[in-house]
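A.B. asks:
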Amino acid sequence: MPFSQPVHARIPQNARRRSALRLLVVALSLSAAFMPASANADGVTLKVFGGSSLDVLAPRETPEVQTKIREEIVAGFLKEHPEVSAVEWDAQGPQSGSLQRLMTAKLSGQEMDLIACSAYWVNGAYVRRGLLRPITDEIQPFVANVDPASLGAFNVNGKVYGVPITSLSTSTIFYNVDLFKKFGIPTPPTYADLKSAVPKLQEAGVIPLLHQGSNSVMWPMWYFETFSQASGDPVGVTQAQLESKEKFDNAASVEAFRLIKQWVDDGILSKDSLSVDMEGMRAAFASGKSAMYYGGTWEVPSLKENVKGFSWGVFPFPKMEGTPGEAKHGGGADNGMCLSASIPEEKVKPALDFVAYLTKPEVAKIYLDAEQPIATSIKGVEGVDEQYAKDLRATAFPNTIKFLDWIWPSEVTTAVASGIAGVVGGTATPEEAAQSVQATFKSLVDEGNWPPKD
C-alpha cells in the first residue's frame, strides 16, 4: 500500500517529541563545540604567552618537571580564584626568536593576557615596541613580597613593566675540579694561571674552555666582563653611550673586544666555540672533553644532573692584566611576569591576581626550589647552602652588576654578539667590531627609534 502520509505522521506523538529533543541536544552540542573556549567556560580563561621555551616556570628543568610544577601551581590558583576557569600557557621556540614570535602573535591578533617575560627582552625591545602594559601602581598590594633590587630589572624609564619570579643569577666559570688538581692549576686561577695551563690541557687532548658560540645571545656576556675591566664603570659609561655622550667605538669599547680576542689568541677560548650550541657545550664539559665553560648560575641544574664522573666547581671571570677596572659580572633577576598591552580590561584584575599568587613565598618555593637557587627575587625563599653556592655568594655575587643587554636596545645586543663572533673567528678586528656597534646605534637614533618614547 502506498504511503499517502508524511513519514512523521506514522510515528507516535511522544516518540516524535523524544526525537525532536535528541535533535535539539545534538544541535546545541555541535554549536558549543565551535564556540571559543573563553565563551564556553564558566569563568575567565587567562592566556599566558612566552616568546621562547624558556618563558615558563622552572625554565631550566626538564619539560616533564616544568609541566608538573605548572599544573600544581595553576590548580592552587584556580582553587583560590574560582572566578578563573583556566590558565593556558603557550611558550615555545628558541630564545633568540622571542621578539619575532611575540610580534607575529600581536600582528595576527592572537589573544595574550599575560606575557612571561625575561628582563633582557623587556628592557631591550618589548617596552619600546609597545607590547607591555605598565603596572607600577597595580602591583603595590603585593610588591612587598619582591626583592626591591630584583624589581629594578623590570623598571624602564621609571615605570615597572614586570614582576620578577626567578632565581637571581650571576656569571661565573664552571671548571673540572679533578682536571685542575691533576695539572696543578691553582683555584681560583689568575688569567696568567689559565694561560700557563693551556699546553698541559691541550697535550692531554682537553679543550681548555668551550663556549656555546652558535647561540648568539650568549656572546655579549663576555663583553660585559671585559667592558667592566676596560671601562671601570660599565653601567655609567653605557648610560653615557645611550645618551650619545660617549660612542660605542670609544677606546674602552675597542679594548673590550680586544680582551675577548686575547682569550682566543692565548689558546684558552676555543675557536670551535663558534659552531657549538648549549647542549654541545654542556656535553663536552660533562664528558671531560673540555675543562671549563663560562655561563650563568642557571647552568647549575644541568651540571647536577649530567656531571657524574668528576667534581665541578666555580670561580669568577679573572682580572686581566693592565685593565683599569675591577672584575664585574653580569646578573640579576632573569625572568618575570608582565601584562600584555592588549589585555582586555575585564581580565586585568584576574591577571594581577595570578601574578600576586606567584609572589607568595609558599607558592614561589614550588617553582624556585626546583632550580636550586643561590638567591631569589621572592622574599622568604632562601638559596641553597652547598659549596658552589657559598663560593658564588663570597666571590661573584658581591661584584655582580646589571646585565648590559638589559640596558641596551636589542639591536645593539645583536651587533655586539655579531662583533664578538667576528673577532673570535678572525673575520673582524676589535676596531671594526666596535665601529659596527656604533653604526647600528647611530641608525637607531637617526631613524627616530632611540631614545625610547613613553
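Sequential numbering from 825 applies to the sequence shown in my numbering. In this text, a Cβ means the ideal position worked out from N, Cα and C, and glycines have one as well.
Which whole-angstrom value is the C-beta distance of VAL951 and TYR985, which I expect to be below 8 Å?
C.D. replies: 6 Å
A.B. asks: On the DSSP bridge assignment, give the partners of THR1200 in chain order.
C.D. replies: SER991
A.B. asks: Would you kindly report the start and end of the unbroken alpha helix (DSSP H) that includes TRP1274?
C.D. replies: TRP1274 -> no alpha helix (DSSP H), and no H or E assigned at all.
A.B. asks: Going by CA-CA distance only, name the one from LEU992, TRP1136, SER1242 that's closest to VAL1041.
C.D. replies: SER1242
A.B. asks: Give me the DSSP bridge partner(s) of THR1147.
C.D. replies: In the DSSP output, where bridge partners are listed per residue, THR1147 has none listed.
A.B. asks: Give the DSSP bridge partners of THR1224, in chain order.
C.D. replies: HIS1153
A.B. asks: For LYS1152, is the classification buried or exposed, using 16 other Cβ atoms within 10 angstroms of its Cβ as the cut-off for buried?
C.D. replies: buried
A.B. asks: Considering only residues of the region 1017–1100, which uninterrupted alpha helix (DSSP H) runs meet the minimum length of 4 residues and lie entirely inside it, listed in chain order?
C.D. replies: Look at the region 1017–1100 and you find these whole runs of alpha helix (DSSP H), each 4 residues long or longer: 1044–1055, 1058–1066, 1075–1089.
A.B. asks: Given a cut-off of 9 Å, decide if SER995 and ALA1157 are closer than it, judged by their beta-carbon atoms.
C.D. replies: no
A.B. asks: Please report the distance separating the alpha-carbon of LYS1266 from that of ASP1209.
C.D. replies: 47 Å
A.B. asks: Quick one: grab the DSSP three-state call for ALA910.
C.D. replies: strand
A.B. asks: Check whether the Cβ atoms of ILE959 and PHE873 lie closer than 9 Å to each other.
C.D. replies: No, the pair does not count as a contact, with Cβ atoms beyond the cut-off.
A.B. asks: For a test of the three-state rule: what should DSSP assign to ILE997, helix, strand or coil?
C.D. replies: strand
A.B. asks: SER1201: which of ASN947, LYS1214, TYR1047, VAL1187 sits nearest, CA to CA?
C.D. replies: VAL1187
A.B. asks: What does the Cβ neighbour count give for GLN890, buried or exposed, with the cut at 16 atoms within 10 Å?
C.D. replies: buried
A.B. asks: Does the beta-carbon of SER1052 have 16 or more other beta-carbons within 10 angstroms, so that it is buried, or is it exposed?
C.D. replies: buried
A.B. asks: Taking the beta strand (DSSP E) that VAL1208 belongs to, which residues open and close that run?
C.D. replies: Neither: VAL1208 is in no beta strand (DSSP E) and is coded neither H nor E.
A.B. asks: How long is the line joining the alpha carbons of VAL1078 and PHE1227, rounded to whole angstroms?
C.D. replies: 19 Å
A.B. asks: Flag this pair as touching only if the region 1031–1048 and the region 1100–1111 have three or more C-beta atom pairs under 8 Å; answer yes or no.
C.D. replies: yes
A.B. asks: Please report the residue range of the beta strand (DSSP E) in which ALA1115 lies.
C.D. replies: 1114–1120
A.B. asks: Assign SER1068 to one of two classes, buried (16 or more other C-beta atoms within 10 Å of its C-beta) or exposed (fewer than that).
C.D. replies: exposed
A.B. asks: ILE939 by DSSP, collapsed to three states: which one?
C.D. replies: strand
A.B. asks: Assign LEU931 to buried or exposed, taking buried as 16 or more other Cβ atoms, counted over all protein chains shown, within 10 Å of its Cβ.
C.D. replies: exposed
A.B. asks: Using alpha carbons as the reference points, say which of THR1237, THR1121, TYR1212 lies closest to THR1224.
C.D. replies: THR1121
A.B. asks: Secondary structure at SER922, three-state DSSP: helix, strand or coil?
C.D. replies: Correct three-state label for SER922: helix.
A.B. asks: Can you check which of these residues, SER942, PRO906, LEU902, is closest to SER876 by C-alpha distance?
C.D. replies: SER942
A.B. asks: State whether the region 1058–1072 contacts the region 1000–1020, with contact taken as three or more CB pairs (one from each stretch) at a distance under 8 Å.
C.D. replies: no
A.B. asks: Using the three-state DSSP reduction, which class does TRP945 fall into: helix, strand or coil?
C.D. replies: DSSP, reduced to helix, strand and coil, places TRP945 within a helical segment of the structure shown.
A.B. asks: Taking the continuous beta strand (DSSP E) assigned at PHE1007, which residues delimit it?
C.D. replies: PHE1007 -> no beta strand (DSSP E), and no H or E assigned at all.
A.B. asks: Please determine, among PRO972, ALA1110, MET1116, THR1251, the residue with the shortest C-alpha to C-alpha distance to LEU1127.
C.D. replies: Among PRO972, ALA1110, MET1116, THR1251, the Cα nearest to that of LEU1127 belongs to ALA1110.
A.B. asks: So that I know if they touch, is there some Cβ in chain B lying closer than 9 Å to that of ILE1190?
C.D. replies: Chain labels in this structure do not include chain B; a single protein chain is all it has.
A.B. asks: What are the partner residues of LEU870, as DSSP defines its beta bridges?
C.D. replies: VAL911
A.B. asks: Got a sec, what are the start and stop residues for the alpha helix (DSSP H) GLY900 sits in?
C.D. replies: Segment 887–904, the alpha helix (DSSP H) holding GLY900.
A.B. asks: Compute the beta-carbon to beta-carbon distance between ILE1031 and VAL1247, rounded to the nearest angstrom, for a pair I have assumed lies under 8 Å.
C.D. replies: Not confirmed; about 19 Å, so no contact.
A.B. asks: What residues in its chain sit with their C-beta under 8 Å from that of ALA915, if we drop five residues either side in the sequence?
C.D. replies: VAL872, PHE873, GLY874, GLY875, SER876, SER877, LEU878, ASP879, VAL880, ALA940
A.B. asks: Which residue comes first and which comes last in the alpha helix (DSSP H) that contains ASN981?
C.D. replies: Counting along the chain, ASN981 falls outside any alpha helix (DSSP H), and DSSP gives it neither H nor E.
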